[in-house]
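Working notes for the structure below.
2 protein chains.
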Amino acid sequence: MAPKAYYSIHPKFHAAVDCIIFGFEEGELSLLLLQRDFEPAKGQWSLMGGFVEEGESLDDAARRVVAELTGLSDLYMRQVHTYGDPGRDPGERVLSTAYYALVDIKRYDHALVKAHNAHWVKLNEIPHLIFDHDRMVQDALRFMRYQATVKPVGINLLPEEFTLTQLQTLYEAILGEPIDKRNFRKRIASMDYIEKTGRIDKTLSRKGAALYRFNREKFDGNFKI
Amino acid sequence: MAPKAYYSIHPKFHAAVDCIIFGFEEGELSLLLLQRDFEPAKGQWSLMGGFVEEGESLDDAARRVVAELTGLSDLYMRQVHTYGDPGRDPGERVLSTAYYALVDIKRYDHALVKAHNAHWVKLNEIPHLIFDHDRMVQDALRFMRYQATVKPVGINLLPEEFTLTQLQTLYEAILGEPIDKRNFRKRIASMDYIEKTGRIDKTLSRKGAALYRFNREKFDGNFKI
DNA sequence: AATAGAAAGTGTAAATGCAACACTTTTCAT
DNA sequence: ATGAAAAGTGTTGCATTTACACTTTCTATT
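Chains as they are written, first to last, in the working numbering: chain W, 1 to 225; chain U, 1001 to 1225.
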């Protein structure tokens, strides 16, 4: 076994997680940001974060922190990067691991979000954030965009059932460019894991649009990344 | 400013870096692994790692750890992922950030590697490693393979000047599949940042092969990822 | 001096995937 | 009855990728 000194001669650090929480509304991506009514950096904007506790994995800490703010515990989340420069937190040294989360904006707990003084902010209206959170957002956005091109993670931003128009608008928001409707629908049609539910949504058009659903089993079977 | 208690009520953790060091020889990728002659886990195989010290960034710690083993301080390195499950290190709780490094196998310091009881091990001969190092290797390999498909990071595994045959063999090793010579050379010819030096290598064939070099300036100009 | 061996180097044609492009259908509110 | 608004639907050209085999050059050997 290792002698205690093997570990104890080395320093320890606070560990935190910071979460880039993406939502989708009005055809645009938004982030859930805190206007901090607490120290440190009271009054400034930041990501939702929190310290890692004893016996808690990084992934669990990120899930807990996001659930504290949104009330949602079943979100799609991915680790992005760990930021460890000395001085990145001017108070004490903290290593922070960034995670991104994808939220169906119809589902989050409005009361919790309000209690934290958090707000959905559209991507192109994001204010300057504290510490290195601006960079975290850039890194998370790039990573999420990349993932969205190789697997349908974006679907986690939509309700369980969605129309192809919603899906296309979402991908236009994620990629930041318009997509041809016919080419888009051709591509979706070739993905057997995006399947018609048979139900029709009539809230957005007179004609009504077919509702689709993501079939995780078919996807996991056909696809490995 | 933040009250001290904001930080001090939270636990601190040891922070480490573990390095997946790739090399290329005999047409195959290898990793530089330690056969540990020290505790913990003496006698077993592991990645080269080390603790993060006060005032040292994660990137700096990773560079230091790789330099301790190879003597090389100018390597291409990238952060892969941070592993923070409680119990991942059976001794004490340690958060470990994995980095991969690419080494020109002609350049490393043989004495240092020998002193650490380290060995180059071909990818398909890798023994079971301690803790979660097996998973780190899998994650690093996937990440490095992906990066190699979008930018020419593989070139960091070759000497300053290299032949097209060497480059092709390297990419075959990275991607794990054979590549057609004519198609490969057509693609390389379209990359103006891989340029002929005018020099000829005669060590590998009677006829001699043109030596090429990576032009970082041309690449950075033409290409953004 | 001839030659055999070994790696370097070179072009074309078919197939596939991707991008561009505009009109019809359906339904409901007026 | 009709106008408005969104849903839905195929084809063609272009570019990229893949498949495929022989010639050149040099030197070590005989």
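Glycine is no exception: its CB is placed at the ideal position from the N, C-alpha and C atoms. It should be emphasised that the depicted structure is a prediction, and the values quoted were computed from it without experimental measurement.
Three-state secondary structure (DSSP) of residue i
i, result
"residue 1193(U)", "coil"
"residue 23(W)", "strand"
"residue 51(W)", "strand"
"residue 1198(U)", "strand"
"residue 1044(U)", "coil"
"residue 229(W)", "Because residue 229(W) is not part of the residues shown, which for chain W are 1 to 225, the question remains open."
"residue 143(W)", "helix"
"residue 18(W)", "strand"
"residue 1013(U)", "strand"
"residue 1177(U)", "coil"
"residue 36(W)", "coil"
"residue 204(W)", "coil"
"residue 112(W)", "helix"
"residue 69(W)", "helix"
"residue 6(W)", "helix"
"residue 134(W)", "helix"
"residue 1218(U)", "helix"
"residue 1154(U)", "helix"
"residue 1059(U)", "helix"
"residue 1186(U)", "helix"
Interface partners of residue i on chain U, CB under 7 Å
i, result
"residue 12(W)", "1012, 1013, 1014"
"residue 51(W)", "1010"
"residue 54(W)", "1011"
Interface partners of residue i on chain W, CB under 9 Å
i, result
"residue 1219(U)", "Those within 9 Å of residue 1219(U) in chain W number zero; the least Cβ separation is about 19 Å."
Contact list for residue i against chain U, beta-carbon separation under 8 Å
i, result
"residue 79(W)", "1081, 1082"
Buried/exposed call for residue i, threshold 16 Cβ in 10 Å
i, result
"residue 1170(U)", "buried"
"residue 1021(U)", "buried"
"residue 138(W)", "exposed"
"residue 207(W)", "exposed"
"residue 1062(U)", "buried"
"residue 214(W)", "buried"
"residue 1012(U)", "buried"
"residue 981(U)", "There is simply no residue 981(U) to check, as chain U begins at 1001 and stops at 1225 in what is shown."
"residue 1198(U)", "exposed"
"residue 1026(U)", "exposed"
"residue 142(W)", "exposed"
"residue 176(W)", "exposed"
"residue 74(W)", "exposed"
"residue 210(W)", "exposed"
"residue 118(W)", "buried"
"residue 1070(U)", "buried"
"residue 1163(U)", "buried"
"residue 1087(U)", "exposed"
"residue 1081(U)", "buried"
"residue 1093(U)", "buried"
Per-residue contacts from residue i into chain W (C-beta, under 7 Å)
i, result
"residue 1085(U)", "57"
"residue 1007(U)", "14, 91, 92"
beta-carbon residue i near the ligand SAM non-hydrogen atom, thresh 7 Å
i, result
"residue 1198(U)", "No copy of the ligand SAM occurs in the structure displayed, which carries no ligand at all."
Residue(s) in a DSSP beta bridge with residue i
i, result
"residue 161(W)", "213(W)"
"residue 79(W)", "99(W)"
"residue 1122(U)", "1030(U)"
"residue 1094(U)", "1014(U)"
"residue 1129(U)", "1045(U)"
- Please list the residues of the stretch 1093-1122 of chain U that have a C-beta atom closer than 7 Å to any C-beta atom in chain W, keeping them in chain order. 1095, 1097
- Query: At a Cβ cut of 7 Å, what residues of the stretch 31-47 of chain W count as close to chain U, listed as they run along the chain?
  - Reply: Going along the stretch 31-47 of chain W in chain order, one finds 39, 40 with a Cβ nearer than 7 Å to chain U.
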